[in-house]
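Here the sequence shown stands for residues 1164 to 1679, numbered as in the working numbering. Using N, Cα and C, we set each Cβ at its ideal position, and we do this for glycine too.
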Amino acid sequence: MVLPPFRRILLFGSLGLLSLYVLLVASFSLQWRMLHDAPILMYLALLIDKFGYVPYRDFLDVNLPGSYLIYGLVGHLSGYSDLGFRIADLLYLTAISALTWLWMRIFGRMVAWASVILGAMLYFSYGQAISFQREFLILLPLLAALVATVRLPEQPFVRKYFIVGLLFGLAAAIKPHAALAMPCVLIYHAWDAGQGRAIDWKRGLLAAVSSAAGLGVPVLATIVYLWSVGALAGFVEMARNWWPLNFNITTELVIMNGRAFREYLWNGYTAGIFTLWLIPMGLGLWLALSSQTLSAAAKRRVGLLVCLAACYSVYTLLAGKFFPYHWFIYLYFVTHIAALCFVRQPADGAWWKPAASLLFLWVLVPVLLFPPTEFIAPALDMEIPPPKNGRVDEIAAFLSTNLREGETVQPLDWTGGAVHAMLLAQARLATPVVYDVIFYQHISSPYVQSWRQRFMQALQAAPPRFIIEIETNKPWVSGPDTTRQFPALQAFIAAEYSIALQGDGYAVWEHSELGK
């Protein structure tokens, strides 16, 4: 049945205007810079690509090789520039949007269109800070796996689910818990094969074995790579020690244990899932499940959407953190459910159903997906503040002017801008320590103590020409077993270095002998 012209004009016009908004934000986003985690990951990729460093052997980091691979590819092709980074980000979003359309097409073109637009608006609403975040990277192989389950031919059956598992494995190569929805997807498709009446356990078991084999390929490839370059022992040491130490550090960077940490997890989780999104989500579920136009298969798919949202809400618990980007995958699937508000309704149906969809678009969407500051500023002909209010560019300019071939630099920082400046100057790292947060948390841990010793040995064996010390606007871990003191390091700097550049909240120290 066809909607009356007035309803069609309102719905299509509303989505059309939001589509233009997304395109406008995308065009403005070409002016954005790398921020937060992105410059650190890009710098690690630079170390691998330009200087031949090997992760876990030549530098310490908590990320998986999948992140280095993607960032390295982008950096190598773009010259590690901000514009190249932005173009890659938009191309990646375009690929995600195309897969979203294919995945949601079963609910109709309006729903698929709304899913694409809401997903893009969600991503842009975070602004520069989430650009190319790992949760965003995970979405592409994850959606590809979902599309593969419904678009690939059933025969050969084993090959189909091997590919599905392989795609989940690629997502897990970025973050291990990215694949946590795979069992849910396999159970759903075994149930769907029985037309929703019963689970075909034989089919489900074969799909599980095939998918597990596919999932194992990226895992095995990672192990073989790390072993071949002599980095496997370093990775295992990091995973066994630093991952557990990091887990009980809260979003506010406070170490918690026992009951206090469990309460923090519960409060953070419930605060994240009980949001205004529940209103359009509930409305979308009701309109879809009560629809007279959706097929039975489409209504069963609604159940999978709910399961996916539930799985990726648990994702935040497994991370032990509730930073905004940790909720991104969960909210992306929530936008899919909210997009069900645009399920096609009978022409002679209740008038309030399309009215509810429009109310969602023009009242809740502006509240839930408020435009980022980085969009508002250029729209008002204002400049976007540079990273860390200019300190990144100041340090980078100093390094580019003064650093000589073969000389190294050591950052004493986390996300305060020092590593970002080293990326811009393409400066070589002096020791295996990229960010110094490990020195000031869980200080009674033998692992932390060993890294303090290794760091000082590396500094003394091959002193860097410059040390960049970030003094303000630098995150610190607090709580029990933490400190802000490193006496051996402070004594070494005082004895061997003098300040070459003092800026707002930072100092660049120069070695007394190497600077001559």
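Beta-carbon proximity check, residue i vs residue j, cutoff 9 Å
i: R1322; j: S1373; result: yes
i: F1295; j: F1248; result: yes
i: F1320; j: L1369; result: yes
i: I1436; j: Y1488; result: no
i: L1378; j: A1402; result: no
i: L1178; j: F1505; result: yes
i: L1302; j: F1491; result: yes
i: R1196; j: D1245; result: yes
i: H1499; j: L1468; result: yes
i: F1629; j: E1673; result: yes
i: G1229; j: A1376; result: no
i: F1175; j: L1457; result: no
i: A1501; j: W1440; result: yes
i: V1387; j: L1329; result: no
i: L1265; j: R1220; result: no
i: A1409; j: G1483; result: Here residue 1409 is Asn; the residue named in the question, Ala, does not match the sequence. Result yes, Cβ atoms of N1409 and G1483 sit closer than 9 Å.
i: V1185; j: F1287; result: yes
i: L1575; j: I1442; result: no
Expected contact under 8 Å - CB spacing of residue i and residue j to nearest Å
i: E1634; j: A1584; result: At roughly 14 Å, the Cβ-Cβ gap does not stay under 8 Å, so E1634 and A1584 are not in contact.
i: D1644; j: I1418; result: 6 Å
i: F1602; j: V1611; result: 7 Å
i: L1503; j: L1450; result: 6 Å
i: A1624; j: A1588; result: 23 Å between Cβ atoms; not a contact.
i: G1235; j: I1211; result: 6 Å
i: Y1432; j: T1479; result: 6 Å
i: V1582; j: I1203; result: 5 Å
i: P1550; j: G1580; result: 6 Å
Helix, strand or coil at residue i according to DSSP, with G and I counted as helix
i: R1425; result: helix
i: W1672; result: strand
i: A1625; result: coil
i: Y1660; result: strand
i: M1164; result: Bear in mind that a pLDDT of 40 at M1164, under 50, signals an unreliable position, so the model cannot answer this.
i: R1403; result: helix
i: Q1616; result: helix
i: P1550; result: helix
i: S1288; result: helix
i: E1568; result: coil
i: G1642; result: coil
i: R1647; result: coil
i: F1410; result: helix
i: R1507; result: coil
i: G1435; result: helix
i: F1538; result: helix
Pairwise C-alpha distance: residue j and residue i
i: I1280; j: S1182; result: 6 Å
i: V1597; j: Q1573; result: 8 Å
i: Q1604; j: N1636; result: 18 Å
i: H1199; j: V1555; result: 12 Å
i: P1339; j: F1538; result: 33 Å
i: Y1111; j: F1496; result: Because residue 1111 is not part of the residues shown, which for the chain are 1164 to 1679, the question remains open.
i: C1470; j: R1464; result: 10 Å
i: R1272; j: D1224; result: 43 Å
i: G1367; j: A1461; result: 20 Å
i: W1577; j: I1631; result: 11 Å
i: V1392; j: P1609; result: 26 Å
i: V1399; j: I1337; result: 16 Å
i: Q1194; j: I1547; result: 8 Å
i: G1668; j: I1412; result: 25 Å
i: W1276; j: L1262; result: 12 Å
i: A1473; j: G1466; result: 11 Å
i: S1241; j: R1422; result: 47 Å
i: Q1665; j: L1285; result: 39 Å
i: S1190; j: L1481; result: 35 Å
i: P1626; j: Q1620; result: 10 Å
i: T1646; j: G1290; result: 33 Å
i: Y1231; j: V1237; result: 10 Å
i: P1316; j: V1382; result: 26 Å
i: I1250; j: A1292; result: 16 Å
i: L1333; j: I1233; result: 11 Å
i: P1562; j: P1407; result: According to the sequence shown, residue 1562 is Leu rather than Pro. Taking the straight line joining both Cα atoms gives about 36 Å.
i: S1454; j: R1507; result: 8 Å
i: H1239; j: G1447; result: 43 Å
i: I1684; j: E1557; result: Examination of residue 1684 is not possible in this model, given that the chain is present from 1164 through 1679 alone.
i: N1565; j: I1662; result: 14 Å
message: For the structure I just gave you, are there three or more beta carbon pairs, one from the stretch 1306 to 1314 and one from the stretch 1201 to 1217, closer than 8 Å?
response: Under the Cβ criterion (8 Å, minimum of three pairs), the stretch 1306 to 1314 does not count as touching the stretch 1201 to 1217.
message: Taking contact to mean 3 or more Cβ pairs, one atom from each stretch, closer than 8 Å, check whether the stretch 1591 to 1603 and the stretch 1213 to 1233 are in contact.
response: Because the criterion of three Cβ pairs below 8 Å is met, the stretch 1591 to 1603 and the stretch 1213 to 1233 touch.
- prompt: Can at least three beta-carbon pairs, one atom from the stretch 1394 to 1410 and one from the stretch 1343 to 1355, be found at a separation below 8 Å?
  reply: The stretch 1394 to 1410, when compared against the stretch 1343 to 1355, does not touch it at the 8 Å Cβ threshold.
The stretch 1271 to 1288 contacting the stretch 1528 to 1536, beta-carbon criterion three pairs below 8 Å: In short, these stretches touch, since the Cβ pair count reaches three.
query: Is the stretch 1415 to 1432 touching the stretch 1639 to 1655 in the sense that three or more CB pairs, one from each, lie closer than 8 Å?
result: Because the criterion of three Cβ pairs below 8 Å is met, the stretch 1639 to 1655 and the stretch 1415 to 1432 touch.
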